[in-house]
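*Asks:* Attaching a single structure in structure tokens format; questions to follow.
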Amino acid sequence: MSGNSFLGDFWVNFVRWNLKAIRNPFVVVGSLVQPIIFLVLFTQVFGQIATGAISGGAAGGITYETFLLPAIAMQVSLAAAAGSGIGLVNDMEEGLFEKTLVMPMSRSAMFLGKTAAEILRIVVQIAIILVLGTVLGADVATGLPGAVGIILIGILFSLWFVALSNIFAVVTRDQESTIIGANLLQFPLLFVSTAFLPLSAMPDWIQTVATFNPITYGVDAARALMLDQDVMTVVEVTRFGGIWDTLVPAVVVLLALDVALGGIAVYLLNRASSSDVQ
1 MSGNSFLGDF WVNFVRWNLK AIRNPFVVVG SLVQPIIFLV LFTQVFGQIA
51 TGAISGGAAG GITYETFLLP AIAMQVSLAA AAGSGIGLVN DMEEGLFEKT
101 LVMPMSRSAM FLGKTAAEIL RIVVQIAIIL VLGTVLGADV ATGLPGAVGI
151 ILIGILFSLW FVALSNIFAV VTRDQESTII GANLLQFPLL FVSTAFLPLS
201 AMPDWIQTVA TFNPITYGVD AARALMLDQD VMTVVEVTRF GGIWDTLVPA
251 VVVLLALDVA LGGIAVYLLN RASSSDVQ
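Counting from 1, one number per residue, gives the positions in the sequence shown under this note's numbering.
This is how it looks when you write it as structure tokens:
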């Protein structure tokens, strides 16, 4: 692509962030290994107990591997999205952030190229998790189109956390603080959602928290595609029919989060950019 153009600037930054990930694979591998451990250990250690819990819910009659796989796919999205802020704050600490800002590049193309590189990693990692899950016995009822849909939901789901991790990076300008902030949100939110058990099997206070938890909507959307049925219980929607009663409200909630947090992240990045190049 030609230089001094939006597409050229986008491509340069897309390649740069992919190369940076390859040269420092710890974050990429770490964000993938942790969900794999969760998938293997949870299904092997808690499989029989959890299967009894889900048998009484809306997902009765399925294996825990099938029930859990969409949640692990969303966990991969979260872990990979957390790396976005880590990469940005690493640039700030090394002085590269200020150097890139004085280059004759479109700032929008710079940030979009970075985000596209992160989305590519998320797609690859979710695909690996889906393959591993099927090897362990999970069944995607909607077949290949459903698997592609789960990946698309993972992308949509990850964008709000990509924005949030970049907000942490701009506000703290410290790598350790960004990592701690992302992890402090990521793990508690996972356990107070429908990720590991159906809503009916959890205490009342967790059911209330799960209603306002973004992870619930991402997991339920992916699980609806996994099981080919309406699984959402935090919001009762009946006007669309079948899995669309889960997908439509989930997509609306996730899009609203993406726009809201994405707008805040863009504002903070633009403000940081303006102050850093003065």
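By construction, the Cβ of each residue, glycine as well, lies at the ideal position given by its N, Cα and C atoms.
Determine the DSSP secondary structure at Asn213, reduced to helix, strand or coil.
*Replies:* Asn213 falls in the coil class under three-state DSSP.
*Asks:* Tell me the DSSP secondary structure of Gly154 in three-state form.
*Replies:* Note: Gly154 maps to helix in three-state DSSP.
*Asks:* Would the beta-carbon of Ala71 fall within 8 Å of that of Ala147?
*Replies:* Not closer than 8 Å, so no.
*Asks:* Under a Cβ-count criterion, where at least 16 other Cβ atoms within 10 Å of its own Cβ denotes burial, should Gln278 be classed as buried or exposed?
*Replies:* The predicted position of Gln278 is uncertain, since its pLDDT is 43 and thus under 50; no value can be drawn from it.
*Asks:* Between the C-alpha atoms of Leu88 and Ala109, what's the straight-line distance to the nearest angstrom?
*Replies:* Approximately 15 Å between the Cα atoms of the pair.
*Asks:* Please state the DSSP three-state secondary structure of Ala141.
*Replies:* Here Ala141 sits in coil by DSSP.
*Asks:* Looking at Ile126 and Ile264, is the spacing between their C-beta atoms short of 8 Å?
*Replies:* No, Cβ-Cβ distance for Ile264 and Ile126 is not below 8 Å.
*Asks:* Quick one: what does DSSP say Gln186 is sitting in, helix, strand or coil?
*Replies:* Helix.
*Asks:* Since Val162 and Ser106 should fall inside the 8 Å C-beta cutoff, what is the C-beta to C-beta distance between them, to a whole number of angstroms?
*Replies:* In fact, because the Cβ distance is near 19 Å, the residues do not count as touching under 8 Å.
*Asks:* Would you say the stretch 214–223 touches the stretch 251–258, given that touching needs at least three Cβ pairs under 8 Å?
*Replies:* Yes: the two stretches touch, three or more of their Cβ pairs being nearer than 8 Å.
*Asks:* Between the C-alpha atoms of Gly113 and Phe14, what's the straight-line distance to the nearest angstrom?
*Replies:* So the two alpha carbons sit approximately 4 Å from each other.
*Asks:* With distance defined between alpha-carbon atoms, name the residue in Ser5, Asp91, Pro35 and Val124 nearest to Val76.
*Replies:* Considering only alpha carbons, the answer is Pro35.
*Asks:* Looking at Val192: is its Cβ nearer than 8 Å to the Cβ of Ala210?
*Replies:* Taking 8 Å as the Cβ cut-off, Val192 and Ala210 qualify as a contacting pair.
*Asks:* May I have the straight-line CA-CA distance separating Leu164 from Thr63, to the nearest angstrom?
*Replies:* Approximately 34 Å, taken between the alpha carbons.
*Asks:* Taking Asn270 as the reference, give the member of Val170, Leu225 and Gly242 with the closest Cα.
*Replies:* Closest by alpha carbon: Val170.
*Asks:* Taking the alpha helix (DSSP H) that Pro198 falls in, what are its first and last residues?
*Replies:* It is not in any alpha helix (DSSP H) - Pro198 carries neither H nor E in the DSSP assignment.
*Asks:* For Leu78 and Met103, what's the separation of their Cα atoms in angstroms?
*Replies:* Their backbone Cα atoms lie some 31 Å apart in a straight line.
*Asks:* What is the DSSP secondary structure of Thr134, counted as helix, strand or coil?
*Replies:* DSSP places Thr134 in helix when its eight states are reduced to three.
*Asks:* Please classify Asp91: does DSSP put it in a helix, a strand, or coil?
*Replies:* Correct three-state label for Asp91: helix.
*Asks:* Under a three-way DSSP split, which group does Met226 fall into?
*Replies:* Met226: helix per DSSP, three-state reduction.
*Asks:* Report yes or no: do the stretch 225–238 and the stretch 129–149 share at least 3 C-beta pairs separated by less than 8 Å?
*Replies:* Counting Cβ pairs under 8 Å, three or more are found: they touch.
*Asks:* Sorted by chain position, which residues of the same chain lie with C-beta nearer than 6 Å to Thr233's C-beta, five sequence neighbours on each side aside?
*Replies:* Leu199, listed in sequence order.
*Asks:* Any beta carbon of chain C sitting closer than 8 Å to that of Gly87?
*Replies:* Of the chains in the structure shown, none is chain C; there is only one protein chain.
*Asks:* Please classify Ser5 as buried or exposed, where buried requires at least 16 other C-beta atoms within 10 Å of its C-beta.
*Replies:* Counting Cβ neighbours within 10 Å, Ser5 comes out exposed, since fewer than 16 surround it.
*Asks:* The alpha helix (DSSP H) spanning Phe14 covers which residue range?
*Replies:* Per DSSP, Phe14 belongs to the alpha helix (DSSP H) from Phe6 to Arg23.
*Asks:* Cα separation between Phe42 and Ala21?
*Replies:* Near 29 Å, if we compare the C-alpha coordinates of Ala21 and Phe42.
*Asks:* Which of the three DSSP states, helix, strand or coil, is assigned to Met74?
*Replies:* Met74: helix per DSSP, three-state reduction.
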